[in-house]
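Report on one structure; see the data block that follows.
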Amino acid sequence: MNKIQFPKDFLWGTASSGPQSEGYKHKKNDSIWDYWYKKEPERFYNQVGPETTSNVYEQYAEDVSIMKELNLNSFRTSIQWSRLIKDFETGEVDQEAAQFYNRYIDEMIANGIEPMMNLFHFDMPYELEQKYGGFKSRHVVDLYVKFAEAAFELFGDRVKYWISFNEPVAYTKGAYWHNLIYPNEMSMQSYVQANYHILLAHSLIVSAYRKGNYSGEIGIVVDLLPPIPRSENPADVEAGRIADLFINLIFMDPCVRGEYDQDYLNILKKHDCMFHYHIEDLEAIKENTVDFIGINYYQPMRVKARDSMPNPFSPFTPEWYYEPYEMPNRRMNEYRGWEIYPKALYDIAMRVKNEYGNIKWYVSENGMGVQGEERFKNKDGFIEDDYRIDFIKEHLGWLAKAIDEGSNCFGYHLWTFVDNWSWTNAYKNRYGLVSLNLNNTERTIKKSGNWIKEAIKNNDFS
Ligand code: BGP
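Position 67, counted from 1, in the sequence shown is what numbering that gives the first Met the number 0 calls 66; the numbers after and before it change by one each time, with no gaps.
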């Protein structure tokens, strides 16, 4: 294989999030995850909840030193709204939390790790969910702006990359469409409205960030699932187009171009599902497009036209127009059940280049989850994850090709650094370059960690 090389100042990092790694120490308010786990622990794999983490709150310095050892130069994590803010209505900051994030960020910078701070990783404060219905409420948009302003003020002198939301669609799909995230409401109207309010909140904080004259950049992270229709048959192509509108373009278009795709709005109107908005919001959305986009990519979205029409009396969902297509002989990650299709990373990169003005972007998540990874431990207790090394190499190969062809990608972030807690899947699938012993939170570098260390050092990923 030819030598695969990346630009000199490329950001080599990993990604995680506050709720999946910090643990409960000194955390005063609950997020929906903390509440939901107390209410329905049986919805979580092995009944393991969000208090069981790698304890980053106390062990962050150890992690940063391992990142440095592995030659990584960037890390994306999130500031928890329910940790940083003591009083959500006034935006009053919890000083203990502010000190923690200060220590954490300073430690990264002192060790040459660029902090990329995200402000929302599915972790709605429970109080705001219960009182107002989370992002269904416009009032919560205002409260989120207060939280973001507090974070900019506290850390904006040092953090150069800000992210407004991680995968907003994964969050709203889980909460209002697919019954995967609390409040498990099944309503397309709620899905559409919450997405709209998230977009508005995003635009308002981009505006606040720019007004504050900070010297960094601000963007959003989307899970751009490339829709691949079953065939070139017009019905399948149309199915792909609708899936693209509701899953991808719903954020990609307004965040980068400043407005929604008209077809999306037309479908909402046709099904009497339009969101409520104020006319001046549209101006805010138009004016506050992003500096960069983060794209999370795990697997493509294969779709086909529906075989049969849904019951016309059932409530509208975009799945009236498409359904998942399980292509025979697709290549699967047998340990996680997700498709492996590395070329999609090239397709995404070229799409950003050709359809979105070649905006600056980076891979904010990509990775391979493995159930029962313990079985790959050798006699010295060291995980030999050659499958993960192959996975990374293949994806990087396609990414390098796209960069070579002019796509404006400035970094690659693997999910994740140390194995972390993952929503209702808890520790079912391990993703880290470093393994976590759940009994004593001890970290052990996996084979993939040592591989990436050498690859970054030599700028050779073949
Ligand atoms: C992404 C989320 C991450 C993480 C990852 C792996 O969509 O942004 O937070 O959970 O998926 O997911 P899982 O553990 O379910 O395989």
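Just so you know, even glycine gets a beta-carbon here, dropped at the ideal spot from N, CA and C.
Practice task
Assign Glu39 to buried or exposed, taking buried as 16 or more other Cβ atoms, counted over all protein chains shown, within 10 Å of its Cβ.
Solution key: Counting from 1 along the sequence shown, the entry for residue 39 is found at position 40. Glu39 should be labelled exposed.
Practice task
Verify whether the separation of the beta carbon atoms of Ser163 and Asn419 is less than 8 Å.
Solution key: Here residue 163 refers to the residue found at position 164 of the sequence shown. Here residue 419 refers to the residue found at position 420 of the sequence shown. It is not a contact, given that the beta carbons lie outside the stated cut-off.
Practice task
Select from Pro299, Glu322, Tyr355, Ile294 the residue whose C-alpha is nearest the C-alpha of Ser307.
Solution key: One-based indexing of the sequence shown puts residue 307 at position 308. Just measuring C-alpha positions, the residue of Pro299, Glu322, Tyr355, Ile294 sitting nearest Ser307 is Glu322.
Practice task
State yes or no: is the C-beta of Arg442 within less than 8 Å of the C-beta of Leu432?
Solution key: Looking up residue 442 in the sequence shown gives position 443. Looking up residue 432 in the sequence shown gives position 433. Taking 8 Å as the cut-off, the Cβ atoms of Arg442 and Leu432 do not count as close.
Problem - Under 8 Å between C-beta atoms of Tyr324 and Arg350 - result: Taking the first residue of the sequence shown as 1, we reach residue 324 at position 325. Taking the first residue of the sequence shown as 1, we reach residue 350 at position 351. Annotated as distal: Tyr324 and Arg350, with beta-carbon spacing of 8 Å or more.
Handout entry: Three-way DSSP call (helix, strand, coil) for Glu113 in this model
Key = The residue labelled residue 113 in the question sits at position 114 within the sequence shown. The DSSP-derived three-state label of Glu113 is strand.
Practice task
Report whether the distance from the Cβ of Trp161 to the nearest heavy atom of the ligand BGP is below 7 Å.
Solution key: Within the sequence shown, numbered from 1, the residue matching residue 161 stands at position 162. With a threshold of 7 Å, the Cβ atom of Trp161 does not count as near the ligand BGP, since no heavy atom of the ligand is closer than that.
Handout entry: Gln370 CB to nearest heavy atom of the ligand BGP below 7 Å
Key = As a first step, residue 370 must be located in the sequence shown, where it is residue number 371. Of the heavy atoms belonging to the ligand BGP, none sits nearer than 7 Å to the Cβ of Gln370.
Practice task
Using the DSSP secondary-structure output, state which residues sit across from Gly218 in a beta bridge.
Solution key: Looking up residue 218 in the sequence shown gives position 219. Note: Gly218 is bridge-paired with Ile162, Phe291 in the DSSP secondary-structure output.
Practice task
Just tell me which of Gly111, Lys446, Ile197 has its CA closest to the CA of Ser136.
Solution key: By one-based count along the sequence shown, residue 136 stands at place 137. With distances taken between CA atoms, Ser136 lies nearest to Ile197 out of Gly111, Lys446, Ile197.
Practice task
Please confirm whether any heavy atom of the ligand BGP lies closer than 7 Å to the CB of Ala147.
Solution key: Here residue 147 refers to the residue found at position 148 when the sequence shown is read from its first residue. Checking the Cβ of Ala147 against the ligand BGP gives no.
Exercise for the section: Leaving out five residues on either side along the sequence, give the residues of the same chain with a beta carbon under 8 Å from the beta carbon of Val221. Expected result: Here residue 221 refers to the residue found at position 222 of the sequence shown. Hits under 8 Å: Glu166, Pro167, Val168, Asn247, Phe250, Met251, Cys254, Ile292, Gly293, Ile294, Asn295.
Problem - Cutoff 8 Å; reference Leu513; Cβ partners in own chain excluding five residues on either side - result: In the structure as shown, the chain begins at 0 and stops at 461. Residue 513 is therefore absent and cannot be evaluated.
Practice task
Indicate whether Asp150 and Leu203 have their beta-carbon atoms separated by less than 8 Å.
Solution key: Taking the first residue of the sequence shown as position 1, residue 150 is located at position 151. Taking the first residue of the sequence shown as position 1, residue 203 is located at position 204. Reading off the sequence shown, one finds Ala at residue 150, where the question assumed Asp. In this structure, Ala150 lies away from Leu203, with their beta-carbon atoms at least 8 Å apart.
Practice task
Can you give me the start and stop residues for the beta strand (DSSP E) that Val362 sits inside?
Solution key: As a first step, residue 362 must be located in the sequence shown, where it is residue number 363. Val362: member of the beta strand (DSSP E) spanning 360 to 364, first to last residue.
Practice task
Assign Met123 to one of two classes, buried (16 or more other C-beta atoms within 10 Å of its C-beta) or exposed (fewer than that).
Solution key: Residue 123 sits at position 124 when you count from the first residue of the sequence shown. With 16 or more Cβ atoms within 10 Å of its Cβ, Met123 is classed as buried.
Problem - The beta strand (DSSP E) enclosing Leu435, as first and last residue numbers - result: Start at 1 with the first residue of the sequence shown, and residue 435 comes out as number 436. Looking at the DSSP string, the run of the beta strand (DSSP E) that includes Leu435 is 433 to 436.
Exercise for the section: Could you tell me which residues DSSP pairs with Val236 in its beta bridges? Expected result: In the sequence shown, the residue the question calls residue 236 occupies position 237. DSSP lists no partner for Val236.
Exercise for the section: Flag this pair as touching only if the stretch 46 to 56 and the stretch 113 to 121 have three or more C-beta atom pairs under 8 Å; answer yes or no. Expected result: Result no; under three Cβ-Cβ pairs closer than 8 Å.
Practice task
Tell me, to the nearest whole angstrom, how far the beta carbon of Gly481 is from that of Arg82; I am working on the premise that it is less than 8 Å.
Solution key: There is simply no residue 481 to check, as the chain begins at 0 and stops at 461 in what is shown.
Problem - One or two residues paired with Asn428 in a DSSP bridge - result: Translated into the one-based positions of the sequence shown, residue 428 becomes position 429. DSSP output for Asn428 lists Gln370 as bridge partner(s).
Problem - 7 Å CB neighbourhood of Val107 in its chain, flanking five on each side removed - result: Reading the sequence shown from its first residue, position 108 is the one you call residue 107. The question names Val, but residue 107 is Met in the sequence shown. Its chain contains Val63, Phe74, Pro114 as the residues whose beta carbon lies nearer than 7 Å to that of Met107, once the 5 sequence neighbours on both sides are disregarded; these appear in chain order.
Exercise for the section: Quick one: residues in its chain with C-beta nearer than 6 Å to the C-beta of Asn439, no 5 flanking neighbours on either side, listed in chain order? Expected result: Here residue 439 is taken as the residue at index 440 of the sequence shown, counted from 1. Counting only Cβ-Cβ distances below 6 Å, and skipping sequence neighbours, we find nothing.
Exercise for the section: Measuring alpha carbon to alpha carbon, tell me which of Asn328, Leu153, Ile112, Leu127 ends up nearest Phe99. Expected result: Position 100 of the sequence shown, counted from the first residue, corresponds to residue 99. In this structure, Leu153 is the residue among Asn328, Leu153, Ile112, Leu127 with its C-alpha nearest to the C-alpha of Phe99.
Handout entry: Arg442 in three-state terms, based on DSSP
Key = The residue labelled residue 442 in the question sits at position 443 within the sequence shown. In the three-state reduction of the DSSP assignment, Arg442 falls in the strand class, which pools E and B.
Handout entry: Pairwise C-alpha distance: Leu267 and Gln370
Key = Working through the sequence shown from its first residue, we reach residue 370 at position 371. Working through the sequence shown from its first residue, we reach residue 267 at position 268. Those two C-alpha atoms are separated by around 39 Å.
Handout entry: Nearest candidate by alpha-carbon position, reference Ile78, set Ala97, Thr89, Glu338
Key = Locating residue 78 in the sequence shown gives position 79, counting from the first residue. The option with the nearest alpha carbon to Ile78 is Ala97.
Handout entry: For Asp306, the first and last residue of its enclosing beta strand (DSSP E)
Key = Within the sequence shown, the letter at position 307 stands for residue 306. Note, Asp306: premise wrong, no beta strand (DSSP E); not H, not E.
Exercise for the section: Figure out for me which residue from Trp450, Lys130, Gln192, Met367 has the closest Cα to the Cα of His275. Expected result: By one-based count along the sequence shown, residue 275 stands at place 276. For His275, the nearest C-alpha among the options comes from Gln192.
Problem - Alpha-carbon to alpha-carbon, Tyr34 and Asn28 - result: As a position in the sequence shown, residue 28 is number 29, starting the count at 1. As a position in the sequence shown, residue 34 is number 35, starting the count at 1. Near 10 Å, if we compare the C-alpha coordinates of Tyr34 and Asn28.
Practice task
Examine the ligand BGP and report whether any of its heavy atoms sits within less than 7 Å of the Cβ of Asp222.
Solution key: Numbered from its first residue, the sequence shown carries residue 222 at position 223. True, at least one ligand heavy atom lies under 7 Å from that Cβ.
Problem - When Glu383, Ile451, Asn377 are compared against Leu413, the one with the closest alpha-carbon - result: By 1-based counting over the sequence shown, the position of residue 413 is 414. Measuring from the Cα of Leu413, the nearest candidate turns out to be Ile451.
Problem - Own chain, CB closer than 6 Å to Glu95, minus 5 neighbours either side, in chain order - result: Indexing the sequence shown from 1 puts residue 95 at position 96. The residues are His25.
Handout entry: Every unbroken alpha helix (DSSP H) within the stretch 61 to 92, with a cutoff of 4 residues, ordered by chain
Key = Within the stretch 61 to 92, the complete alpha helix (DSSP H) runs of at least 4 residues are 80 to 83.
Practice task
Evaluate Gly368 with the Cβ neighbour count: other Cβ atoms within 10 Å of its Cβ, from every protein chain shown; 16 or more gives buried, anything less gives exposed.
Solution key: For this step, residue 368 is matched to residue 369 along the sequence shown. When all chains shown are included, Gly368 counts as buried.
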